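Heads up, the sequence shown is in full-length UniProt numbering, so the first residue is 1 and it goes up one at a time.
See below for the structure under consideration.
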Amino acid sequence: MTTLANRPNTALIVIDLQNGVVAGAYRRQEVLRAVNVLVERARRANLPLVWVRHCDEELVAGSDAWQIVDELSPAPGEAIIEKSYRDAFESTDLEQVLSTLGVGKLIVTGAQTDMCIRSTLHGALARGYDATLVGDAHTTVDSTPWGAPPPQSVIAHTNFYWSNQRAPGRVGGVVGSNEVDFALNAGS
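Here it is, written out as structure tokens:
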């Protein structure tokens, strides 16, 4: 349903699954396994994959904390977007990469749920993309000492409110990793 003309393709977006981001993340191993399965399925379906990597004072480019986790590995030719804001579209070439790939629909995975995942989902919808969150393939850390709900509640709430997200001509939504249908990629 995207509002972007001539953009029939779907891309799998993997956000900030970096050593320093998910070291203490809730259900880390389960989420990484789910993302790994999605990555392999997307590759078999020739679906574009876009990796997003955050860089700031705590995630210094080139450092171990900045590296994508060992459990996942971008393949040659897959785009890696370097960002310094929570919204992966902000001050990056993500829009240009997606346009070149003819992408108007995003399947979103990664970390952190309450920061970069939510910001990128909203950024995508505001820019005309359909944006589907994979409900069991995103995670966050425990921020309860700063007043946030526990991680499982942050994830459940995000899945709840994104499941009915809509805007004129575009939709959000949530699916389980086993429900993602890469065969629906119109550009395949």
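C-beta atoms are modelled at their ideal positions from N, C-alpha and C, and glycine is treated no differently.
Fair warning: this is a prediction, and the values are worked out from it, not measured in the lab.
Three-way DSSP call (helix, strand, coil) for residue i in this model
| i | result |
| --- | --- |
| G187 | The predicted model places G187 with a pLDDT of 46, which falls under 50 and marks its position as unreliable; any figure quoted below should be read in that light. The answer is coil: DSSP assigns G187 none of H, G, I, E or B. |
| G102 | coil |
| T10 | strand |
| Q29 | helix |
| A34 | helix |
| Q18 | strand |
| V180 | coil |
| A167 | strand |
Same chain, Cβ closer than 7 Å to residue i, five either side skipped, listed in chain order
| i | result |
| --- | --- |
| R166 | G172 |
| N19 | D64, A65, Q67, V69 |
Option in the options with minimal Cα separation from residue i
| i | options | result |
| --- | --- | --- |
| C8 | R170, L38, R44, S84 | Going by the sequence as given, residue 8 is Pro instead of Cys. If we check each option's Cα against that of P8, R170 comes out closest. |
| A88 | E71, R33, I117, A5 | I117 |
| T92 | R53, V103, G104, L72 | R53 |
| L72 | I13, L121, Y129 | I13 |
| M1 | V141, V175, F182, G104 | G104 |
| M115 | D142, N164, R41 | D142 |
Own chain, CB closer than 8 Å to residue i, minus 5 neighbours either side, in chain order
| i | result |
| --- | --- |
| C55 | A61, W66, E82, K83, S84 |
| A186 | Confidence in A186 is poor, its pLDDT being 48 and thus under 50, which makes the residue's placement too unreliable to answer from. |
| N36 | E71, L72 |
Sequence-distant residues of its chain with Cβ nearer than 6 Å to residue i (five each side left out)
| i | result |
| --- | --- |
| R43 | none |
Between the stretch 46–61 and the stretch 127–139, can you find at least three pairs of beta-carbon atoms closer than 8 Å?
Between the stretch 127–139 and the stretch 46–61 there are fewer than three inter-stretch CB-CB distances shorter than 8 Å, so the stretches are not counted as touching.
Any 3 or more C-beta pairs closer than 8 Å across the stretch 59–66 and the stretch 92–107:
Contact between the stretch 59–66 and the stretch 92–107 is absent, because fewer than three Cβ pairs lie under 8 Å.
Quick check on the DSSP output: what are the complete beta strand (DSSP E) runs of length 3 or more inside the stretch 104–149, in order along the chain?
130–139, all fully within the stretch 104–149.
Meets three-Cβ-pair contact criterion under 8 Å: the stretch 18–29 and the stretch 73–83:
Cβ pair count under 8 Å is below three, so no.
What ranges does the beta strand (DSSP E) occupy inside the stretch 40–102, keeping only unbroken runs of at least 3 residues that lie completely in it?
Runs of the beta strand (DSSP E) inside the stretch 40–102: 49–54, 79–83.
At least three beta-carbon pairs within less than 8 Å, the stretch 25–41 to the stretch 122–129
The stretch 122–129 and the stretch 25–41 do not touch, with fewer than three beta-carbon pairs separated by less than 8 Å.
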